[in-house]
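As they're listed, the protein sequences go chains A and B. All residue numbers for the first sequence refer to the numbering used here, where the first residue is 10 and numbers rise by one. All residue numbers for the second sequence refer to the numbering used here, where the first residue is 2 and numbers rise by one. Data first, discussion second: the structure below is written as structure tokens.
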Amino acid sequence: MPIITVDNLSKIYGQANASTVALTDVSLSIEKGELVSLVGPSGCGKSTLLRLIADLETPSTGAITVNAKTPHQARLARDYGFVFQAPTLYDWRTVVRNVELPLEIMGRPKHEWRERVDKMLGMVGLREFHDHYPWQLSGGMQQRASIARALSFDPTILLMDEPFGALDEFTRERMNLELLEIWDQTHKTILFVTHSIAESVFLSSRVVVMTPRPGRIASVVEVDLPYPRTFETRESSRFFELITVVRETLKEEFIRHE
Amino acid sequence: MTRSIARVEPIRPTASRTLPRWLARLLVYLVFLLAVVILWEASKAIFAIPDYKLPHLAQIGEAFFRPTPKGPTWLILLTDAAYTMLEAVTGFVVGGITGFLFAVLFVHAPVTRRGLLPFVIASQTVPIIAIAPMIVVGLGQLGAPPWVPKASIAAYLTFFPVTINVLRGLESVNRDALMLMKSYAATHPQIFFKLRLPNATPYLFTALKIAATASVIGAIIGELPVGSKHGIGVQIVIGSQYNTFNPGFLWATIVMASLMGIVFYAVVALAEKRIVKWKRET
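Okay, structure coming up:
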């Protein structure tokens, strides 16, 4: 049974006479433990789709289920962790206190905090920097702390909205490997939004290709590259073939709209 | 995996390599003080300004240390300054809390903001010097102790910067930081205490630094109307009445009054450094 289902979803912003269709007729289902990417140019509604699943926005029509609940119930049940493009760490909290934040909000017992936070910081390699303030960390380290925070309360789903979009390419590639490692360790279901075709192919088992005006799903590409994926995966011919497949879909859609 | 830490080292002036930092700082102050002294005495000499308009600095110093039957002048001024300071601090605390509560109210109930904010702004356009005697007399007739009207005026000048700045601090919360709270299904009090309030702290201190000096001024203004017995404001009135005979004394009271503002400001700035220690050093 899928962990996330999206059925005939649409999202329209604004009033009837001056409205923008952000998403139209989107249907999707994601199995437990999958790592699925949503890729597409800006304006294709990929971030909107993610925020609708997270109940940070409400759909105009259509239905979503998350863990067999409505997104609203799933949010109240703290079923997912969300990672934003900006690390969104709280400046006045050290790394430890930032990672603790969800546990604090959710009223988890204090003895649990230290154990969970220590585990998460170990996983993202930030243990030595636990007492640093966000401004003392590099961009990559800030985003690692943000991922640790999203996983600290052990949600079943991880929603990531272009988390590595602001990082330089070298850091981004390293973060991709680290994310796969985290995925392998935690078996979370990950929904990953990106505008990088290479990143989407490298990370995921399925790539959902989206196109703009109006935002919709153009195709879903199965990525048959074997896990664990390594640095060498990026040099394999299959990797490039799949990138081409995704790119072709986007090109077709682009031409159709000319 | 390389782990590097980006620590920003403050750029130090070359002087501090040879001199200890505090000494370098002290030297800067002394140089500026010397410049003021030269400007002061030079303009007095060049424009032939009489003593009752601008006394010699030595006259001010002399007036400051002049012995009186009740002890040296500086000790009397210090006693009065302490009295005024107590009024100012009381007003600062009351005004600060009031201003803060106004900001919290405005941010949570927009209708109160639309209704009350214009009055809050209008309250500050009223010339305080004109209504100070009314406040002093009015509260006096109600049987309030003499320090109450002074502290009230101090509070009146204090609450405004606090309201405006805290309001901004509470509202200038990053949108995703708020979304993060929503994703945790955080309650409104949690969002307030764990996000909005810490976010507003630097803004609060900006306001408190303004309020620190304003509260001293407010307390002094409250002491100016006839009938006050204690406070540096009373000494300023005496000083201006006898200025022609004793030109140094008025300035001695002024120096004492500004020292109060400086000390109060420094205390708030120190508290800020202790509390807002997570800010990037600039």
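By construction, the Cβ of each residue, glycine as well, lies at the ideal position given by its N, Cα and C atoms.
For residue i, which residues in the same chain have their Cβ closer than 6 Å to its Cβ, ignoring the five residues on either side in sequence?
i	result
residue 209 (chain A)	46, 48, 203 and 216
residue 97 (chain A)	none
residue 263 (chain B)	none
residue 220 (chain B)	85, 88, 89, 151 and 155
residue 223 (chain A)	30 and 33
residue 209 (chain B)	269
residue 14 (chain A)	38 and 74
residue 251 (chain B)	240, 241 and 244
residue 57 (chain A)	20, 31 and 32
residue 70 (chain A)	19
residue 218 (chain B)	none
Enumerate in chain order the residues of its own chain whose CB-to-CB distance from residue i is below 7 Å, with the five nearest sequence positions on each side excluded.
i	result
residue 248 (chain B)	52, 53, 56 and 60
residue 247 (chain A)	234
residue 60 (chain A)	66
residue 274 (chain B)	none
residue 151 (chain A)	96, 98 and 143
residue 287 (chain B)	Residue 287 (chain B) lies beyond the residue range present for chain B, which begins at 2 and ends at 283; the question has no answer from this structure.
residue 242 (chain A)	211, 234 and 248
residue 41 (chain B)	58
residue 220 (chain A)	49, 53, 227, 259 and 262
residue 40 (chain A)	11 and 12
If I measure Cβ to Cβ from residue i and keep anything under 8 Å in the same chain, skipping five residues before and after, which residues do I get?
i	result
residue 4 (chain B)	Below a pLDDT of 50, predicted positions are generally treated as unreliable, and residue 4 (chain B), at 47, falls in that range; no measurement from the model is reported.
residue 179 (chain A)	none
residue 140 (chain B)	149, 150 and 153
residue 268 (chain B)	213
residue 198 (chain B)	171
residue 232 (chain A)	210, 213, 214, 215, 216 and 251
residue 113 (chain A)	122
Beta-carbon of residue i versus every beta-carbon of chain A: anything under 8 Å?
i	result
residue 183 (chain B)	yes
residue 191 (chain B)	yes
residue 208 (chain B)	no
residue 177 (chain B)	yes
residue 150 (chain B)	no
residue 1 (chain B)	Since the first residue shown for chain B is 2 and the last is 283, residue 1 (chain B) is missing from the structure and cannot be characterised.
residue 5 (chain B)	Caution applies to residue 5 (chain B), whose pLDDT of 47 falls short of 50 and renders its modelled position unreliable; the model cannot decide the point.
residue 272 (chain B)	no
residue 186 (chain B)	yes
residue 261 (chain B)	no
residue 257 (chain B)	no
residue 180 (chain B)	yes
Note the first and the last residue of the continuous alpha helix (DSSP H) segment covering residue i.
i	result
residue 183 (chain A)	178-195
residue 205 (chain A)	Neither: residue 205 (chain A) is in no alpha helix (DSSP H) and is coded neither H nor E.
residue 98 (chain A)	Taken as a continuous stretch (DSSP letters only), residue 98 (chain A) belongs to no alpha helix (DSSP H), as it is neither H nor E.
residue 248 (chain B)	248-276
residue 111 (chain A)	104-114
residue 142 (chain A)	Where residue 142 (chain A) is concerned, there is no enclosing alpha helix (DSSP H), given that its DSSP letter is neither H nor E.
residue 198 (chain B)	198-224
residue 240 (chain B)	233-242
residue 1 (chain B)	Since the first and last residues shown for chain B are 2 and 283, residue 1 (chain B) lies out of range.
residue 182 (chain B)	176-184
residue 189 (chain B)	189-192
residue 65 (chain B)	58-66
residue 148 (chain A)	148-160
Start and end of the beta strand (DSSP E) containing residue i?
i	result
residue 127 (chain A)	Counting along the chain, residue 127 (chain A) falls outside any beta strand (DSSP E), though it belongs to the alpha helix (DSSP H) covering 119-133.
residue 105 (chain B)	Taken as a continuous stretch (DSSP letters only), residue 105 (chain B) belongs to no beta strand (DSSP E), being part of the alpha helix (DSSP H) at 74-109.
residue 78 (chain A)	Segment: none, residue 78 (chain A) is in no beta strand (DSSP E) and carries neither H nor E.
residue 170 (chain A)	166-170
Give me whichever residues DSSP pairs with residue i in a beta bridge.
i	result
residue 43 (chain A)	According to DSSP, which records beta bridges pairwise, residue 43 (chain A) is partnered with nothing at all.
residue 215 (chain A)	A:45 and A:231
residue 22 (chain A)	A:29
residue 198 (chain A)	A:166
residue 16 (chain A)	A:72
residue 90 (chain A)	A:167
residue 225 (chain A)	A:220
residue 69 (chain B)	B:72
At the 8 Å Cβ level, is residue i part of the contact set with chain B, yes or no?
i	result
residue 140 (chain A)	no
residue 176 (chain A)	no
residue 191 (chain A)	no
residue 111 (chain A)	yes
residue 91 (chain A)	yes
residue 62 (chain A)	no
residue 114 (chain A)	yes
residue 95 (chain A)	yes
residue 222 (chain A)	no
residue 122 (chain A)	no
Whole beta strand (DSSP E) elements within the region 26-71 of chain A, 3-residue minimum: Runs of beta strand (DSSP E) with 3 or more residues, each lying fully within the region 26-71 of chain A, are found at 29-39 and 44-48, listed in chain order.
Whole alpha helix (DSSP H) elements within the region 131-174 of chain B, 4-residue minimum: Whole alpha helix (DSSP H) segments, 4+ residues: 148-172.
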